[in-house]
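Everything on this sheet refers to the single structure shown next.
Residue numbers (this note's numbering), protein chains in the order written: chain A, 1 to 818; chain B, 1 to 221.
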């Protein structure tokens, strides 16, 4: 084996051109795959950073027939549901609940609170997940038993580093959260991200402290069975299978539906593994799509190397014949040839890793400008390294086995006589033709997909968002962080909006619970009165936003019917809502939606009348399908965390100073965060994030094209070398250089053309799903034609260079060599 | 038809020039059957290649039908080759993946002959060389003699004024060789000028005169 390895290295050293093309081809293929796999690994595969993560299950609620924004089918559990499940379930060693929560954090009482994103967790949170704090202790089970009693906190590692300079004496110290003193009892480990691998909570507080933290709310959210927002994780008991746990949990869900029909009539409880819960995220489709494209690139690269190896096998026919004549066994020779393939694959894999590192860094640039501490940490971890190793070995077998098998079928006598492998040459060449055709076909498919996706993305990005992005400054507030009561909060927002409207250079001001294009837009269940929903479906889940009067004017969202919210829409007046066009069309086709009523939250919830229909716009992400959306008036649905939007006459950034001064003068305790222009926010959220994926798709397309052209060029060069005698004869009987160029070009173009026909058939087969990816934005045939012409032109160029070389064949020399 | 004056062909080597042909002076009138003889390495095949315009790396003067080849660019030389010259090689050099009829068609296709005319010419030639029954066979399905017969047919199909034959019977047994030489004699009698390279005294006897080459020099004429 060592001997084979040494010989393989020597062969590569002696053929640097071959080695370079083969290794670089593979490096590009493996590098692209590894980079995309590292993203897929991060998004789909990476488990929670807890011991024995495969035993961690996610329990979710599913309302029959309901799907939020036509995307999300599951929601969390309410606290009462969670408590009942915990009491009744026998499948889990422990069940834990958590909920992300905004905290007004201050290291001491005098400090201005800063907004921190943390989690309210059940007392057994750390125990169930099996996580031991780096410092201090985790919560005791009794610390979530009595509401408001145990003001204890476990700090996230990042917060401990940034706010306490990693001081180990922090345990036992008091900090202030929403104005309440909390005792630090521990510091979470660095690798721990809480209940989600993507979000790193800054701190953890017992769920029982929710009411104390949100003082002023009329009812504790923990008591509301209809509010299904808790993330519930469970650790399976040893020996219990996922299926068993799921069956038991479903039965408990049915019992809850019978016991609490008001809130749970159509609600079931579903158990899935953490990985399954990741696989249902919308981004998965995009990542799998990228992974599919990367695999095509790898196959093209492998076809390239296989072609090179086949060419080399022909050139080495004499060497192989000599070895066979010396008594080498076929298996022994195949092993040696495969060792060479493996060396190329491993070197290609190693170089590919460097490329993949660059790719991973590129993906890590993804920035979503929201206040949630998202962890975007695409990296080459052991999973990825194992993937590279497997891909390298698989590639070696894929591109090495066929040439090795063919190479060792050399006919000894002619090979020894002529130094070439005359017999079977034609058949092998046909095989190579088929490979190049497949490469061209794959490359065209890649290019068509890439260009159509690019076109689709450009159409989406250039189409109006449905709201204004210029001249808007945003700033977020949460008076609950300063322990303001509901009344104080209402008063603060009233005065803030009123005073902000007096700022010089301001055109209008409004408040909204959710900014456009933020994935954390609140959801609401509504039942449109008089509308027949599908059998068994109780309500519809839609994204919603609580907004003040002036919102539509400020953001430039036109109302196609009805009116805006007005100051007359008070807490004690009749409830009103504004729906969007999609909602109106879906539930009131050919009718006027104005005046229709919806029940909010459940069948027993209050009625609200539709007073306006807002023009359709983008709500969560630029590539979202058209979704239903509901606006609720702030006066009737008070919320603590709101964003102020200011429409300015001049550049909006200039308003940030005056706004801060205004807030200080109104209430110096109020933290102000997320001050940014809508333009900047929209550019990063909508353009740059999508742009990265589009660039990745385009990059894969170009990579596939380059590899296919290298393959075509290599094949034509090889073909010309094989046809030297024929070309010599043709020139001797009268063919001039132009005729020879034409002949070789024709051969190349027939190959490319055949590949194009196959590629076009595949592309047309992919047209439907492609059109669907950009929400029926269509599949542009002129663009396919353009790409095809461009590919053929590039292929002609790839074939022209060997053709020129062929026309310079000296018939005198070639014919006399025979 | 052919006039060579002071023609040299050499290869530059590290120690100086290596001459393959040296000061060649030769006059071949139209309708002559000339044999070039000499030991291996004497320069016979090189001389034949130069006469057929396949070799351009020589110095001196070469007139072909009064045209100064030494002053012509490669394109014009190739035109002369197309118009006047047919080649026959020792190794036949038929194209393996083409049938007999297709091999005969190649020279015509490079001379812009129309398809209908090409078909007629190929049919005539097949008939003339009595190989109609072999027209759909591939070269590998023919004997050596049959292959050379096809090669000669290919050389004459475009009605060249000059046939250059490089050891045309070198790979054939004596019976087949005789048949080919009789064919050349017949073509020569019909007016085609023939220049052949051979080692065989018997083949040389078919020609009008023998030019002997030795180490690149003309040693006898």
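The C-beta atom is built at its ideal place from N, Cα and C for all residues, glycine as well.
C-beta neighbour in chain A for residue i, strict 7 Å
i              : result
residue 107(B) : yes
residue 82(B)  : yes
residue 93(B)  : yes
residue 87(B)  : yes
residue 55(B)  : yes
residue 240(B) : Residue numbering for chain B in the displayed model covers 1 to 221; residue 240(B) lies beyond these limits and cannot be assessed.
residue 18(B)  : no
residue 110(B) : yes
residue 225(B) : Here chain B has residues from 1 to 221 only, and residue 225(B) is not among them.
residue 78(B)  : yes
residue 49(B)  : yes
Contacts around residue i, its chain only, beta-carbon distance under 8 Å, and the 5 residues preceding and following it disregarded
i              : result
residue 576(A) : 565, 569, 608, 609, 610, 611, 633 and 636
residue 131(B) : 100, 146, 149, 150 and 153
residue 802(A) : 713, 716, 717, 719, 720, 744 and 748
residue 81(B)  : 52, 53 and 54
Inter-residue Cα distance where the pair is residue i and residue j
i              : j              : result
residue 110(B) : residue 797(A) : 24 Å
residue 583(A) : residue 531(A) : 12 Å
residue 184(A) : residue 49(A)  : 22 Å
residue 60(A)  : residue 121(A) : 16 Å
residue 130(A) : residue 480(A) : 32 Å
residue 591(A) : residue 561(A) : 12 Å
residue 639(A) : residue 490(A) : 8 Å
residue 158(B) : residue 221(B) : 30 Å
residue 707(A) : residue 447(A) : 12 Å
residue 666(A) : residue 498(A) : 11 Å
residue 51(A)  : residue 93(A)  : 14 Å
residue 549(A) : residue 601(A) : 23 Å
residue 418(A) : residue 138(B) : Its pLDDT being 48, under 50, residue 418(A) is placed unreliably in this model, and the value from its coordinates should be taken loosely. Approximately 21 Å between the Cα atoms of the pair.
residue 544(A) : residue 495(A) : 25 Å
CA nearest to the CA of residue i, picked from the options
i              : options                           : result
residue 759(A) : 732(A), 787(A) and 255(A)         : 787(A)
residue 180(A) : 814(A), 810(A), 483(A) and 491(A) : 483(A)
residue 359(A) : 27(A), 454(A) and 104(A)          : 27(A)
residue 203(A) : 164(A), 381(A) and 794(A)         : 164(A)
residue 224(A) : 260(A), 580(A) and 249(A)         : 260(A)
residue 336(A) : 620(A), 789(A), 8(A) and 499(A)   : 8(A)
residue 144(A) : 126(A), 593(A), 287(A) and 680(A) : 126(A)
residue 793(A) : 290(A), 705(A) and 309(A)         : 705(A)
residue 79(B)  : 441(A), 198(A) and 732(A)         : 732(A)
residue 21(B)  : 14(B), 32(B), 49(B) and 28(B)     : 49(B)
residue 458(A) : 343(A), 254(A), 693(A) and 522(A) : 693(A)
residue 815(A) : 762(A), 172(A) and 725(A)         : 725(A)
6 Å Cβ shell around residue i - same chain, five flanking residues per side excluded
i              : result
residue 144(B) : 171 and 172
residue 77(A)  : 61, 228, 230 and 232
residue 83(B)  : none
residue 653(A) : 677
residue 392(A) : 345, 346 and 349
residue 811(A) : 728, 731 and 732
residue 19(B)  : 10 and 216
Residue-level contact to chain B via CB, residue i, 7 Å cutoff
i              : result
residue 733(A) : yes
residue 382(A) : no
residue 729(A) : yes
residue 307(A) : no
residue 819(A) : With chain A running from 1 to 818 in the structure shown, residue 819(A) is simply not present.
residue 319(A) : no
residue 726(A) : yes
residue 736(A) : yes
Other residues of its chain near residue i: CB distance less than 7 Å, five sequence neighbours each side excluded
i              : result
residue 87(B)  : 52, 155 and 164
residue 6(B)   : 23, 25, 60 and 61
residue 623(A) : 460 and 690
residue 357(A) : 380
key: Every unbroken alpha helix (DSSP H) within the region 61 to 116 of chain A, with a cutoff of 4 residues, ordered by chain   = 79 to 88
inquiry  = Runs of 3 residues minimum, wholly inside the region 120 to 180 of chain B: which ones carry the beta strand (DSSP E) assignment?
reply    = 162 to 166
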